[in-house]
Amino acid sequence: MSISLRGVSKQFGLFAALDDIDLDVPGGALLALLGPSGCGKTTLLRIIAGLETPERGQVYFGGQDATLWPVRERKVGFVFQHYALFRHMTVEENVAFGLRVKPWRERPSRTEIRNKVRSLLELVQLDWAGPRFPAQLSGGQRQRIALARALAVDPQVLLLDEPFGALDTRVRHELRRWLRRLHDELHFTSVFVTHDQQEALDVADTIVVLNRGRIEQVGAPGEVFDAPVSGFVHRFLGEVNELPVRFEQGRARVGPLDLAASEGIAPGSVALVRPHELEVLSEGAGWPAVVSAVREIGAIARLELAVEGRAQGDAPLEAEISRERLANEHFKVGQNVQLRLRRWRIYPAAA
Amino acid sequence: MNAARVLGATYAADRTEPLHLRRRPRAGLNVMRLLLILVALGFLVLFIGMPLVVVFSQALSKGWHTYVAAIADPNALAAIRLTVLVAAIAVPSNLVFGVAASWAIAKFEFRGKSALITLIDLPFAVSPVISGLIYVLLFGASGWFGPWLMEHDIRIMFAVPGIVLATTFVTFPFVARELIPVMQAQGKDDEETALSLGASGWQTFWFVTLPNIRWGLLYGVLLCNARAMGEFGAVSVVSGHIRGLTNTMPLHVEILYNEYNYAAAFAVASLLALLALMTLAGKSLLEWRRPELKYGALSADRQTKRGMT
């Protein structure tokens with residue numbers, strides 16, 4: 001089922017949580033709402049679910065205006081960060097809940113319910129947990145039960161609010177993979193909220209970056225990562241080095257480097273370069289720098305680099321290289337090196 | 001390596017220095033502590049323990065026979081019946097109201113929410129006697145609705161309805177006050193999940209909300225009941241003290257006492273005291289059961305883990 005939002009706005013007191021949002025979620029998509037806390041991503045998800053009503057704008061489900069549909073009629077599965085399992089019910093009863101509360105005429109028979117619950121528990125690989133209580137399960141297991149419970153009513157839309165936020169890194173990673181597989185197998189439309197750009201890049205096929213209640217960019221993970229439309233998106237999707245653009249004799253320069261095309265670059269602009277886009281050479285021509293720290297982080301190494309003319313309060317430049325290169329080139333603290341920018345993007349000051 | 005040693009050294013220094021400065025509990029402090037404990041205990045015995053003992057010893061001072069006779073007296077039995085009747089009406093109404101109000105306050109945002117919370121607290125803030133007088137002013141012979149009520153031959157003042165009204169008013173906050181924090185702490189996630197799974201409002205309430213609040217609710221009802229049976233001030237104003245008709249237990253105790261019939265007064269009072277003790281016992285039982293439930297789940301968890309390894 002496709003979902004469309006048209007001009008959706010929501011106000012909390014004086015605070016505009018969402019400001020004129022237009023968004024199309026095609027049927028079968030796995031879409032991530034990504035943004036810092038307070039950007040309105042959870043509010044947007046809750047509006048899609050029908051847990052909040054927008055002040056202005058429309059929500060369409062498969063082309064039908066669903067703005068005023070109550071939650072229970074939207075046929076959405078909603079999964080909370082903290083699972084929201086009913087703690088006084090066993091796992092089986094939790095999963096069966098959505099089937100048991102159906103009106104008498106639509107309610108499946110006891111055997112049907114039992115079979116459905118069993119197949120769902122098998123799907124989430126927790127078929128042994130049926131008679132347990134939620135308190136007896138780990139966080140990752142609880143979240144899988146919450147998913148099974150949401151899937152029991154055959155939702156056409158699955159909405160997840162920071163679903164893996166409360167789990168530790170390894171479990172989170174496993175569940176991401178698993179959610180992606182589940183989505184590909186069952187073909188529903190999924191929207192999930194996250195503040196973790198890795199999670200969004202890893203799982204989603206479309207990423208919506210939100211900032212202060214507005215959509216900054218919509219695109220495939222590669223697209224938003226490689227071609228961010230604003231400095232905000234660029235900074236939010238990964239680490240960056242910020243290099244102020246200077247003007248000398250009408251030419252725009254970053255460090256000692258001449259940016260060939262200076263048209264369209266406003267004064268006060270900034271060039272953003274990701275750590276892996278900053279090349280470090282032990283000799284040759286470039287931007288002279290001194291290695292001020294070397295940190296080895298698993299498979300990669302990070303070099304902190306001091307360059308001339310950088311203001312006192314600014315963070316040192318960071319470059320990312322493989323551990324292999326570090327071993328070959330023997331970069332050491334205090335060493336003089338040359339820098340080259342492999343890629344950069346320039347944004348006006350305000351963005 | 002060097003740095004590690006330096007760090008280690010400063011760490012050790014950090015650890016030892018406060019030890020030198022730290023005050024050891026000295027003998028003088030122990031005496032002080034003992035003194036405070038004694039004062040607190042003495043206070044408890046004097047103001048709470050002794051009165052309880054006095055109630056029961058006075059009640060039985062003239063033997064079992066007098067005790068039973070005092071309670072079996074028709075007026076005493078009528079007072080007991082009335083007290084039970086009033087509680088049987090006031091407590092359920094406050095149960096329904098309290099659950100509805102705390103549900104609204106904890107789970108929804110609406111205009112006038114803080115005004116509602118203040119209103120719920122009002123009976124706690126107002127003296128019970130004033131609460132009783134309010135009803136006299138409203139329903140008494142010269143009150144606002146008095147003439148109309150007289151015309152239609154409806155008796156509220158100096159009759160059972162007035163007593164029920166006054167008691168309900170005074171015990172209004174108990175259930176709601178107990179449930180609001182419980183419900184607020186639990187948040188709305190469970191209810192929202194139930195709704196998204198297709199449950200109706202009623203189903204959500206019965207299957208999700210009510211089981212979550214059951215212990216808090218029981219606790220609130222116990223306290224509410226104790227107060228409903230023990231209320232004196234407000235009931236005294238509206239009851240009219242008609243023996244065998246509008247006397248509740250506390251009022252009956254007062255009348256017997258004023259007639260210098262101490263043994264009988266204390267006999268009836270001992271019933272109220274017993275009720276209070278039973279309430280407290282019930283309350284402790286609840287407090288003991290709640291963590292017990294939690295531990296039960298934990299130990300089951302331990303068992304499953306053992307089973308798996």
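Those sequence lines, one after another, are chains A and B. Under my numbering, the first residue of the first sequence is numbered 1, with each subsequent residue one higher. Under my numbering, the first residue of the second sequence is numbered 1, with each subsequent residue one higher. Built from N, CA and C at the ideal position, the CB exists for glycine as well.
Taking beta-carbon pairs under 8 Å, can you tell me which members of the region 176 to 197 of chain B lie near chain A?
Residues of the region 176 to 197 of chain B with a C-beta atom less than 8 Å from some C-beta of chain A are Asp189, Asp190, Glu192, Thr193, Ala194, Leu195, Ser196, Leu197, listed in chain order.
Can you tell me the Cβ-Cβ gap for Gly40(A) and Asp20(A), rounded? I've got them flagged as a contact below 8 Å.
Start at 1 with the first residue of the first sequence, and residue 40(A) comes out as number 40. Start at 1 with the first residue of the first sequence, and residue 20(A) comes out as number 20. Going by Cβ atoms, the distance from Gly40(A) to Asp20(A) rounds to 11 Å, so no, they are not a contact pair.
For Leu60(B), which residues from the same chain have a beta carbon less than 7 Å from its beta carbon, with the 5 sequence-adjacent residues on both sides left out?
On the second sequence, residue 60(B) is found 60 positions in, with the first residue counted as 1. Same-chain partners within the cutoff: Tyr67.
Just how far apart, CA to CA, sit Lys332(A) and Arg302(A)?
Translated into positions along the first sequence, residue 332(A) becomes position 332. Translated into positions along the first sequence, residue 302(A) becomes position 302. Roughly 12 Å separates the two Cα atoms.
For Leu251(B), which residues in the same chain have their Cβ closer than 8 Å to its Cβ, ignoring the five residues on either side in sequence?
Indexing the second sequence from 1 puts residue 251(B) at position 251. The answer, listed in chain order, is Ala79, Phe232, Val235, Ser236, Ser239, His241.
Interface partners of Val208(B) on chain A, CB under 8 Å:
Numbered from its first residue, the second sequence carries residue 208(B) at position 208. Within chain A, the residues near Val208(B) are Phe86.
Closest by CA to Asp184(A), which one among Ala204(A), Gln125(A), His173(A)?
Taking the first residue of the first sequence as position 1, residue 184(A) is located at position 184. The candidate whose alpha carbon is nearest that of Asp184(A) is Ala204(A).
Contact residues within the region 45 to 69 of chain A, judged by C-beta distance below 9 Å to chain B:
Taking a C-beta cut-off of 9 Å against chain B, the contacting residues of the region 45 to 69 of chain A are Arg46, Ala49, Gly50, Leu51, listed in chain order.
With distance defined between alpha-carbon atoms, name the residue in Met1(A), Ile3(A), Leu31(A), Phe15(A) nearest to Gln217(A).
Looking up residue 217(A) in the first sequence gives position 217. Checking every option, the nearest Cα to that of Gln217(A) belongs to Leu31(A).
Grab me the residues of Val25(A)'s own chain with a C-beta within less than 7 Å of its C-beta, minus the 5 sequence neighbours each way, in chain order.
Here residue 25(A) is taken as the residue at index 25 of the first sequence, counted from 1. Closer than 7 Å at the Cβ level, and outside the excluded window around Val25(A), lie Ser2, Ile3, Leu31, Thr189, Val191.
Close-in-space but distant-in-sequence residues of the same chain around His82(A) (CB under 8 Å, 5 per side omitted):
Locating residue 82(A) in the first sequence gives position 82, counting from the first residue. In chain order, Ala166 place their CB closer than 8 Å to the CB of His82(A), counting only its own chain and leaving out the 5 sequence neighbours on each side.
Straight-line gap, Leu201(A) to Val171(A) (C-alpha atoms, nearest Å):
As a position in the first sequence, residue 201(A) is number 201, starting the count at 1. As a position in the first sequence, residue 171(A) is number 171, starting the count at 1. Whole-angstrom Cα-Cα distance: 17 Å.
Given 8 Å as the limit, is there contact between the region 201 to 218 of chain B and the region 164 to 181 of chain B, that is, 3 or more CB pairs closer than that?
Of all C-beta pairs linking the region 201 to 218 of chain B to the region 164 to 181 of chain B, three or more are shorter than 8 Å, placing the two stretches in contact.
So, using beta-carbon positions, are Leu210(A) and Gly35(A) closer together than 8 Å?
Numbered from its first residue, the first sequence carries residue 210(A) at position 210. Numbered from its first residue, the first sequence carries residue 35(A) at position 35. If you check the CB distance, Leu210(A) and Gly35(A) come in under 8 Å.
Chain-ordered neighbours of Pro211(B) on chain A, where CB pairs are closer than 9 Å
For the purposes of this step, residue 211(B) is taken as the residue at position 211 of the second sequence. Here the neighbours are Phe86, Arg87, His88, Met89.
In chain E, which residues lie with their C-beta within 9 Å of the C-beta of Ala106(B)?
The displayed structure is made up of protein chains A and B, and chain E is not among them.
Indicate whether the contact test is met: 3 or more Cβ pairs, each with one atom in the region 48 to 61 of chain A and one in the region 112 to 130 of chain A, closer than 8 Å.
Put simply, the region 48 to 61 of chain A does not touch the region 112 to 130 of chain A. Fewer than three CB pairs are less than 8 Å apart.
With distances taken from CA atoms, which of Glu287(B), Leu274(B), Val39(B), Leu286(B) is nearest Val53(B)?
As a working note, residue 53(B) is residue 53 in the second sequence. Residue nearest to Val53(B) within the set Glu287(B), Leu274(B), Val39(B), Leu286(B) is Leu274(B) (criterion: CA-CA distance).
What does Phe188(A) reach in chain B if we use C-beta pairs closer than 7 Å?
Residue numbering aside, residue 188(A) sits at position 188 when the first sequence is read from its first letter. Residues of chain B passing the Cβ test: none, with the nearest at roughly 14 Å.
Please identify the residue among Pro108(A), Asp161(A), Val95(A) whose C-alpha is closest to the C-alpha of Arg132(A).
Residue numbering aside, residue 132(A) sits at position 132 when the first sequence is read from its first letter. Closest option to Arg132(A), judged by alpha-carbon separation, among Pro108(A), Asp161(A), Val95(A): Val95(A).
Among residues of its own chain, excluding the 5 on either side of Trp103(B), which ones have a beta-carbon nearer than 6 Å to its beta-carbon?
One-based indexing of the second sequence puts residue 103(B) at position 103. Within the same chain, Trp103(B) has no close Cβ partners at all.
Mind checking the region 97 to 120 of chain A against chain B and listing, in chain order, the residues whose C-beta falls within less than 7 Å of any C-beta there?
Taking 7 Å as the Cβ-Cβ cut-off against chain B, the residues of the region 97 to 120 of chain A that qualify are Phe97, Gly98, Val101, Lys102.
Going along chain B, which residues have a C-beta under 9 Å from Gly77(A)?
Along the first sequence, read from residue 1 onward, the residue named residue 77(A) stands at position 77. For the C-beta of Gly77(A), the chain B residues within less than 9 Å are, from N- to C-terminus, Ser196, Leu197.
How big is the Cα-Cα spacing for Met150(B) and Ala106(B)?
On the second sequence, residue 150(B) is found 150 positions in, with the first residue counted as 1. On the second sequence, residue 106(B) is found 106 positions in, with the first residue counted as 1. Going by the C-alpha atoms only, they are around 42 Å apart.
Same chain only: Cβ atoms within 8 Å of Glu191(B), ignoring 5 sequence neighbours per side:
Counting from one through the second sequence, the residue named residue 191(B) turns up at place 191. Here Glu191(B) has Lys107, Thr204, Val208, Thr209 as same chain residues with Cβ atoms under 8 Å from its own Cβ, once five neighbours each way along the sequence are excluded.
Which residues bound the beta strand (DSSP E) around Lys10(A)?
Translated into the one-based positions of the first sequence, residue 10(A) becomes position 10. Segment 3 to 12, the beta strand (DSSP E) holding Lys10(A).
Run through chain A and tell me which residues come within less than 8 Å of Gln203(B), C-beta to C-beta.
Here residue 203(B) corresponds to residue number 203 of the second sequence, with the count starting at 1. Listed along the chain, the chain A residues whose CB falls inside 8 Å of the CB of Gln203(B) are Val101.
How about Glu272(A) and Trp178(A): do their beta carbons lie closer than 8 Å?
Start at 1 with the first residue of the first sequence, and residue 272(A) comes out as number 272. Start at 1 with the first residue of the first sequence, and residue 178(A) comes out as number 178. The sequence shown places Leu at residue 272(A), rather than the Glu named in the question. Trp178(A) sits away from Leu272(A), with the two beta carbons spaced by 8 Å or more.
Does Ser142(B) pass the burial test, meaning 16 or more other C-beta atoms within 10 Å, or should it be called exposed?
Numbered from 1 along the second sequence, position 142 holds the residue referred to as residue 142(B). Classification for Ser142(B): exposed.
Contact under 8 Å by Cβ, Asp161(A) with Leu45(A):
Looking up residue 161(A) in the first sequence gives position 161. Looking up residue 45(A) in the first sequence gives position 45. Cβ distance < 8 Å, so Asp161(A) and Leu45(A) count as in contact.
Proximity test, Cβ basis, 8 Å: Val395(A) and chain B:
The question about residue 395(A) has no answer here: the residues shown for chain A are numbered 1 through 351.
If you draw a straight line from the C-alpha of Val291(A) to the C-alpha of Ile297(A), how long is it?
Position 291 of the first sequence, counted from the first residue, corresponds to residue 291(A). Position 297 of the first sequence, counted from the first residue, corresponds to residue 297(A). Answer to the nearest angstrom: the Cα atoms are 17 Å apart.
Please list the terminal residues of the continuous alpha helix (DSSP H) segment that includes Phe174(B).
To locate residue 174(B), count along the second sequence from 1; it is residue 174. Boundaries of the alpha helix (DSSP H) around Phe174(B): 173 to 186.
Using the rule of at least 16 other Cβ atoms within 10 Å of the residue's Cβ for burial, across every protein chain shown, is Asn336(A) buried or exposed?
As a working mapping, residue 336(A) is identified with position 336 in the first sequence. Asn336(A) should be labelled exposed.
So, using beta-carbon positions, are Ile47(A) and Leu159(A) closer together than 8 Å?
For this step, residue 47(A) is matched to residue 47 along the first sequence. For this step, residue 159(A) is matched to residue 159 along the first sequence. No, they are not a contact pair.
For Pro53(A), which of Leu18(A), Gln156(A), Arg181(A), Arg323(A) has the nearest alpha-carbon?
By 1-based counting over the first sequence, the position of residue 53(A) is 53. According to the sequence as given, residue 53(A) is Thr; it is not Pro. Just measuring C-alpha positions, the residue of Leu18(A), Gln156(A), Arg181(A), Arg323(A) sitting nearest Thr53(A) is Leu18(A).
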